[in-house]
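Worksheet: one structure, shown below.
Structural data, given as structure tokens:
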């Protein structure tokens, strides 16, 4: 009888999640073109990826660099802004909304197009720099700078992390902070010795979710630079897209997607293991 | 017990309701056939095509047309996804260059010769035979014959004392471009995204110099030598180093939409390369726009201009409204009013009668006419189809970018071209 009640969800899960997951796993062991039957090739796709595909390593390296660039900036920005917005100031709700908005539409094509116009050589950012008599930079046209510029788009979308930090900061007991202040602790010491340890569960959650999302980042690299210049912004998701929809190698693209899944899974498992050692829970519980 | 009964009753009611609704839909479907029609383009083309479709539906009340249109970027990928999913449109605009990828996958499109609604006698037979037949089937109904040239800003030429009828060669492009950038470091003779260098520069440089394409399609062997390739890459690097060409990193930001480059809009670029769909360029430059023949290799064996069929209409072999789709395609390409609506938003129609209609009524844009005419006067033979293979294009794009950024020498670029492109040839034939 219970199954009847969950039937709508069950059908949706099977049709839109379980079946595509199973199908893509099967296709990853096949040579599958856009139409026609998939041809079983065993682990050939995975072997080719590791032995013959230099761009696989390029894309993976770029993605890891992208994560290492954007993650610290995003977390620090989110935490800093959350600390500021946790103060009691007039119009605080307006500012909270304003900072949250980029995380809603920041990943859209329209924002990526806007980013391109902001950061191109004759874009607004360089015009402002020139007006201030500062040197203009090749934000998107230089292989050295392009990935950093894309990571700024990711960082700009710190709103959702900020909201979680805000909620966590609200949970820090006021009496602990007051007692420490009375004992002569400085604000900085208060933050690092009391506030930060108490918000580590949310901190680690934000880090984990940011890494998982960054592994799959696609829109900015596709719309703004299309992986260039010189493959400097060729992210893993873009490689997957090219293999599937540009070269029509659906089997190989499926294999790439499972490798991406494996990377995220391994990282998540290791991260959970590490975080259980470094996360403070008031009730002493472990994750 | 009552609860269980109620749930079962509810499920039964929903199921019956669905069946009745399905029955109602079937009655409507027998009277009105729906045809899905996809194309790409800019706004002018969309509006023109929609007008032609409306006219078709007025004259064919039993057929409704669902239009699916968008910009060029991503169109091919969308079509591929639809083909993979089995939900492609009934008829769709395609490009002859795509068939090297598509027909390698599977038998997808209908043979146009089996569609009696289409009058093939109005099209030049030579074009049908050379450009439209793949794997023994006529898979694309020619829509336009394209011209190729340069979209020039005449005010820019005037600024640098270059006459409008200047005969561009690959050699003087470098000379003039260097002079321009020296005079003003923010201005360049032209811009070209690296993904287009293979087709627009390398191909033409080699053909114009040697009189032959880079690949002999019959034998699958290179006809180009390492030295010839190195000469091209040396020239290309010089274009980048001297500022004759807009820096590659900047030009690439406007791939497939170079007319949106602010430098072109602001008159800081002399010209862009394009086929004869000039509307986006005209919208930017308006009466400053002129079209000129593309450059050739001075002292070379040929001044022939690249020619391609351009776009055409293909029909899904799985369509349940194939004959209605064929009627629509035939109408758009042969009905006088439809031809006038569409005009030259897709360059010049292949159908000579349609060309005549546009000429008589003055609908054809003189710039489009000029491009078509100078191309038709001296066209290249058909470009090797492997030029349009996605993997080959990306290989060449990578090589070209590394040359432009000074990461590899022209000699190494030539070696890599022969090795990496060569590795793809046998598997693609």
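Residue numbers (this note's numbering), protein chains in the order written: chain A, 103 to 389; chain U, 784 to 1212.
Ideal Cβ positions, reconstructed from N, Cα and C, are used throughout, including at glycine.
Between the Cα of residue i and the Cα atoms of the options, which residue gives the shortest distance?
| i | options | result |
| --- | --- | --- |
| residue 917 of chain U | U:899, U:881 and U:943 | U:881 |
| residue 1024 of chain U | U:1081, U:1096, U:1163 and U:961 | U:961 |
| residue 1075 of chain U | U:1015, U:1036, U:1103 and U:1155 | U:1155 |
| residue 1132 of chain U | U:842, U:1046, U:1091 and U:1099 | U:1091 |
| residue 826 of chain U | U:1153, U:1195, U:1084 and U:1066 | U:1066 |
| residue 255 of chain A | A:173, A:195 and A:181 | A:173 |
| residue 209 of chain A | A:310, A:260, A:127 and A:177 | A:260 |
| residue 130 of chain A | A:145, A:377, A:288 and A:242 | A:145 |
| residue 364 of chain A | A:177, A:136, A:295 and A:148 | A:148 |
| residue 1099 of chain U | U:965, U:824, U:862 and U:966 | U:862 |
| residue 1125 of chain U | U:835, U:815, U:816 and U:991 | U:835 |
| residue 221 of chain A | A:326, A:359, A:235 and A:372 | A:326 |
Buried or exposed: where does residue i fall if 16 or more other Cβ atoms within 10 Å of its Cβ makes it buried?
| i | result |
| --- | --- |
| residue 362 of chain A | buried |
| residue 283 of chain A | exposed |
| residue 1009 of chain U | exposed |
| residue 1044 of chain U | buried |
| residue 805 of chain U | Any reading at residue 805 of chain U is ruled out, since the residue's pLDDT is 43, under 50, leaving its predicted position unreliable. |
| residue 985 of chain U | buried |
| residue 228 of chain A | buried |
| residue 212 of chain A | exposed |
| residue 778 of chain U | Chain U is shown from 784 up to 1212; residue 778 of chain U falls before or after that span and cannot be answered. |
| residue 111 of chain A | exposed |
| residue 215 of chain A | exposed |
| residue 257 of chain A | buried |
| residue 1069 of chain U | exposed |
| residue 1149 of chain U | exposed |
| residue 233 of chain A | exposed |
| residue 379 of chain A | exposed |
| residue 344 of chain A | buried |
| residue 858 of chain U | buried |
| residue 871 of chain U | buried |
Between the beta-carbon of residue i and the beta-carbon of residue j, is there less than 8 Å?
| i | j | result |
| --- | --- | --- |
| residue 1097 of chain U | residue 892 of chain U | yes |
| residue 977 of chain U | residue 1180 of chain U | yes |
| residue 1214 of chain U | residue 1186 of chain U | Since the first residue of chain U shown is 784 and the last is 1212, residue 1214 of chain U is not available in this structure. |
| residue 932 of chain U | residue 968 of chain U | no |
| residue 248 of chain A | residue 334 of chain A | yes |
| residue 956 of chain U | residue 1030 of chain U | no |
| residue 1158 of chain U | residue 1088 of chain U | yes |
| residue 1061 of chain U | residue 1151 of chain U | yes |
| residue 332 of chain A | residue 1184 of chain U | yes |
| residue 926 of chain U | residue 1129 of chain U | yes |
| residue 972 of chain U | residue 983 of chain U | no |
| residue 122 of chain A | residue 353 of chain A | no |
| residue 350 of chain A | residue 264 of chain A | no |
| residue 338 of chain A | residue 161 of chain A | yes |
| residue 1083 of chain U | residue 991 of chain U | yes |
| residue 1034 of chain U | residue 939 of chain U | no |
| residue 301 of chain A | residue 270 of chain A | yes |
| residue 1094 of chain U | residue 876 of chain U | yes |
| residue 1042 of chain U | residue 1056 of chain U | no |
Excluding the 5 residues flanking residue i on each side, which residues of the same chain have their C-beta closer than 7 Å to its C-beta?
| i | result |
| --- | --- |
| residue 369 of chain A | 313 |
| residue 329 of chain A | 323, 335, 336 and 340 |
| residue 1102 of chain U | 873 and 1108 |
| residue 945 of chain U | 959 |
| residue 1016 of chain U | 1186, 1193, 1196 and 1197 |
| residue 987 of chain U | 1077 and 1089 |
| residue 1162 of chain U | 1087, 1088 and 1090 |
| residue 1071 of chain U | 936, 937 and 938 |
Less than 8 Å between C-beta atoms, sequence neighbours within five positions excluded: which residues of the same chain meet that for residue i?
| i | result |
| --- | --- |
| residue 272 of chain A | 188 |
| residue 913 of chain U | 1165 |
| residue 152 of chain A | 158 |
| residue 910 of chain U | 925, 928, 1092 and 1133 |
For residue i, go through chain D and note every residue whose CB falls closer than 7 Å to its CB, in chain order.
| i | result |
| --- | --- |
| residue 908 of chain U | The question asks about chain D, but that chain is absent: this structure's protein chains are A and U. |
Shorter than 7 Å, the distance from the beta carbon of residue i to the closest heavy atom of the ligand ATP, or not?
| i | result |
| --- | --- |
| residue 924 of chain U | Judged by which ligands are present, the structure shown has none, so any question about the ligand ATP falls away. |
Here's a check: name, in chain order, each residue in its chain whose Cβ is nearer than 6 Å to the Cβ of residue i, leaving out the five neighbours to either side.
| i | result |
| --- | --- |
| residue 852 of chain U | 822 and 829 |
| residue 1147 of chain U | 1127 and 1141 |
| residue 811 of chain U | Confidence at residue 811 of chain U is low in this model, with a pLDDT of 38, below 50, so its placement is unreliable and the value that follows should be read with caution. Within the same chain, residue 811 of chain U has no close Cβ partners at all. |
Legend entry - Segment contact, 8 Å Cβ cut-off, at least three pairs: the stretch 1103 to 1116 of chain U with the stretch 900 to 915 of chain U: yes
Legend entry - contact_flag[the stretch 843 to 850 of chain U, the stretch 1110 to 1120 of chain U] where n(CB pairs < 8 Å) is 3 or more: yes
Inset, instruction - Could you tell me whether the stretch 157 to 173 of chain A touches the stretch 304 to 320 of chain A, where touching means 3 or more Cβ pairs closer than 8 Å? - result: yes
Legend entry - the stretch 951 to 958 of chain U contacting the stretch 1115 to 1132 of chain U, beta-carbon criterion three pairs below 8 Å: no
Inset, instruction - For the stretch 273 to 282 of chain A and the stretch 195 to 206 of chain A, state whether three or more C-beta atom pairs, one from each stretch, are separated by less than 8 Å. - result: no
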